[in-house]
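Chain order of the listed sequences is A and B. Under the numbering used here, think of the first position of the first sequence as 1, with each following residue one higher. Under the numbering used here, think of the first position of the second sequence as 234, with each following residue one higher. Every residue gets a Cβ at the ideal spot worked out from N, C-alpha and C, and that includes glycine. Predicted model only: the values in this text are computed from it and were never measured. The block underneath contains the structure these notes are about, expressed in structure tokens.
Protein chains: 2
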Amino acid sequence: MTTQPTKNRSSLWAEENVFRDLPPAVARELEAVAITNSYPSGAVLFAEAQTTRGIFVVLRGRVKLSVCASDGRTLILRIAQAGEVLGVAAAVSGREYEATAEIQEPSEIAFMRQSDVLRLMRLHGEFALWVTQQLSQNYSSTCREIRNLMLSDSASEKLARLLVGWLDQNPESKHPGQMKLALTHEEIGQMIGTSRETVTRIFAGFKKQHLIQVNGSTLVIPNRVALESLITA
Amino acid sequence: MTTQPTKNRSSLWAEENVFRDLPPAVARELEAVAITNSYPSGAVLFAEAQTTRGIFVVLRGRVKLSVCASDGRTLILRIAQAGEVLGVAAAVSGREYEATAEIQEPSEIAFMRQSDVLRLMRLHGEFALWVTQQLSQNYSSTCREIRNLMLSDSASEKLARLLVGWLDQNPESKHPGQMKLALTHEEIGQMIGTSRETVTRIFAGFKKQHLIQVNGSTLVIPNRVALESLITA
DNA sequence: AGACATCGGTGATTGAGATCACACAGCAGT
DNA sequence: ACTGCTGTGTGATCTCAATCACCGATGTCT
Numbered sequence: 001m002t003t004q005p006t007k008n009r010s011s012l013w014a015e016e017n018v019f020r021d022l023p024p025a026v027a028r029e030l031e032a033v034a035i036t037n038s039y040p041s042g043a044v045l046f047a048e049a050q051t052t053r054g055i056f057v058v059l060r061g062r063v064k065l066s067v068c069a070s071d072g073r074t075l076i077l078r079i080a081q082a083g084e085v086l087g088v089a090a091a092v093s094g095r096e097y098e099a100t101a102e103i104q105e106p107s108e109i110a111f112m113r114q115s116d117v118l119r120l121m122r123l124h125g126e127f128a129l130w131v132t133q134q135l136s137q138n139y140s141s142t143c144r145e146i147r148n149l150m151l152s153d154s155a156s157e158k159l160a161r162l163l164v165g166w167l168d169q170n171p172e173s174k175h176p177g178q179m180k181l182a183l184t185h186e187e188i189g190q191m192i193g194t195s196r197e198t199v200t201r202i203f204a205g206f207k208k209q210h211l212i213q214v215n216g217s218t219l220v221i222p223n224r225v226a227l228e229s230l231i232t233a
Numbered sequence: 234m235t236t237q238p239t240k241n242r243s244s245l246w247a248e249e250n251v252f253r254d255l256p257p258a259v260a261r262e263l264e265a266v267a268i269t270n271s272y273p274s275g276a277v278l279f280a281e282a283q284t285t286r287g288i289f290v291v292l293r294g295r296v297k298l299s300v301c302a303s304d305g306r307t308l309i310l311r312i313a314q315a316g317e318v319l320g321v322a323a324a325v326s327g328r329e330y331e332a333t334a335e336i337q338e339p340s341e342i343a344f345m346r347q348s349d350v351l352r353l354m355r356l357h358g359e360f361a362l363w364v365t366q367q368l369s370q371n372y373s374s375t376c377r378e379i380r381n382l383m384l385s386d387s388a389s390e391k392l393a394r395l396l397v398g399w400l401d402q403n404p405e406s407k408h409p410g411q412m413k414l415a416l417t418h419e420e421i422g423q424m425i426g427t428s429r430e431t432v433t434r435i436f437a438g439f440k441k442q443h444l445i446q447v448n449g450s451t452l453v454i455p456n457r458v459a460l461e462s463l464i465t466a
């Protein structure tokens, strides 16, 4: 939770190009009202059903967004990456947060108070449009999540969908179809709505069919097409 | 598909109070670029994966929003009522529509082109804020939908949740706990992600336990609390 | 080291719901 | 009347994944 020097902070805004589509004057005004902080893994930015305080911009790191049932079970909506904005819907509509945001790995997060957000949105249509675009991206990815969850009864299909989705997200770096597996089986289960055990079993099945390989925490997908053929099944 | 006289149209905007939170000048500008039309049941405003054209404001009637799987199965996201705005996410982000919008009962719908929407959002922060609020409402209701779908394994719990949700939506008119059942069992199944037969069976079970009564197309819920006790189970 | 926690792997059992296959009611149109 | 068509009601069967129970592997504290 060490505070970063100011120089480092402003470079992060530029580095991530968060406000790339905004006029420089507006961007400066935004950076002026924003408060940047470092968070450790496990820290909670906001919790489901809390009254809204403002929006959070992920500058670096990863944040887990989830909702939870009365019986304690959890559903992970998505993992937010650098550049994403959280809590927009709640802040704009003045409602409670609909999900819980928990830090997954040490992260830099900028915060903007609800009052500042609303004031600046009224003032600068450009900024308001930007906020809406962020929200609409969250909305789209949530819709995709629903499709993946509901429109495939078999758990293997859901997992296949999840993996293919990860391939798309990841930059096609050196070796294609290779990625770090940052989630436990339990968490993967919470993403696709199944139990931990079935995730293990399906992974085992995929390995047997040579659809995936696991070396330590590295996941290799040698044959993306084969995996995709499970979808639509 | 008969066109309404202009007088009737403008009265609909006022009647529904769609732009109640906007300065009158902005509201007039919006009504100027909007195109209002009547649609019959079954008409499709836009389909999943179509390129975006603009946003639709429901002035009167009901619109079914759904996504569909490759195998033809369908999931209904929600039924939009008068006052709601559709296609915002797609229009703002320039992406494809994420869902299909089909008219459920004869409706009046206003259309605004994407270019007009974006131009007026940049121009009037107030309008941009309004758009964002509409979108955030859609987002919230979608999140609630997910919770209802995923965080309850038993199908009866899902159905109970759906019915209670309908009670909340409906105005507490003359007799409380009474509503028109505008959906078929098949459609209800598509809303909670189960088969038509299970819906029938669960309804039968609920009747047996005196949790609901059905007279023709009227659904009576004499004891809301009993129904709620099924939730959380 | 040892103790403790978290994570991954596997078998056996079980139940909820999908699916298939009918039957029947209501309602439109000819 | 007779024919379709759409929506509802019910039984029989079967499959997939939840659940329980246990074990081994790998960390990580003190």
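- Not a single CB atom of chain B sits nearer than 8 Å to the CB of L211 of chain A.
- Per the Cβ contact rule, the region 148-165 of chain A is in contact with the region 209-229 of chain A (3 or more Cβ pairs under 8 Å).
- Classified as buried, K297 of chain B has 16 or more neighbouring CB atoms from the shown chains inside 10 Å of its CB.
- Between V26 of chain A and H124 of chain A a beta carbon distance of about 5 Å is seen, short of the 8 Å cut, so the two are scored as contacting.
- Take the alpha-carbon of C68 of chain A and the one of H175 of chain A: they are about 37 Å apart.
- Around the C-beta of A267 of chain B, 16 or more other C-beta atoms lie within 10 Å, and the residue is accordingly described as buried.
- Residues of the region 113-131 of chain A that bring their beta carbon within less than 9 Å of a beta carbon in chain B comprise L118, L120, M121, R122, L123, H124, G125, E126, F127, A128, L129 and V131, in sequence order.
- Shown here, T307 of chain B sits in a strand according to DSSP, grouped into three states.
- Note on geometry: alpha-carbon atoms of T307 of chain B and L319 of chain B lie some 19 Å from one another.
- In chain order, L65, S66, V67, A99, T142 and E145 place their CB closer than 7 Å to the CB of L77 of chain A, counting only its own chain and leaving out the 5 sequence neighbours on each side.
- Residue environment: E84 of chain A is assigned as buried (16 or more neighbouring CB atoms within 10 Å of its CB, all protein chains considered).
- Residue range Q411 to K413 is occupied by the beta strand (DSSP E) that includes Q411 of chain B, with no alpha helix (DSSP H) assigned at that position.
- Chain A has a Cβ within less than 8 Å of the Cβ of M383 of chain B.
- Taking the C-beta atoms as reference points, I336 of chain B is found nearer than 8 Å to G275 of chain B.
- For K297 of chain B, the pairing in a beta bridge is given by DSSP as B:I312 and B:E335.
- Its chain contains G193 as the residues whose beta carbon lies nearer than 6 Å to that of L149 of chain A, once the 5 sequence neighbours on both sides are disregarded; these appear in chain order.
- Just so you know, the alpha carbons of A324 of chain B and Q169 of chain A end up roughly 23 Å apart.
- Distance from the CA of V290 of chain B to the CA of A343 of chain B, rounded to the nearest whole angstrom, comes to 5 Å.
- Contact check for L118 of chain A and E29 of chain A: beta-carbon distance about 14 Å, past the 8 Å limit, so the pair fails to qualify.
- The beta carbons of R355 of chain B and E126 of chain A sit about 6 Å from each other, so the pair counts as a contact at 8 Å.
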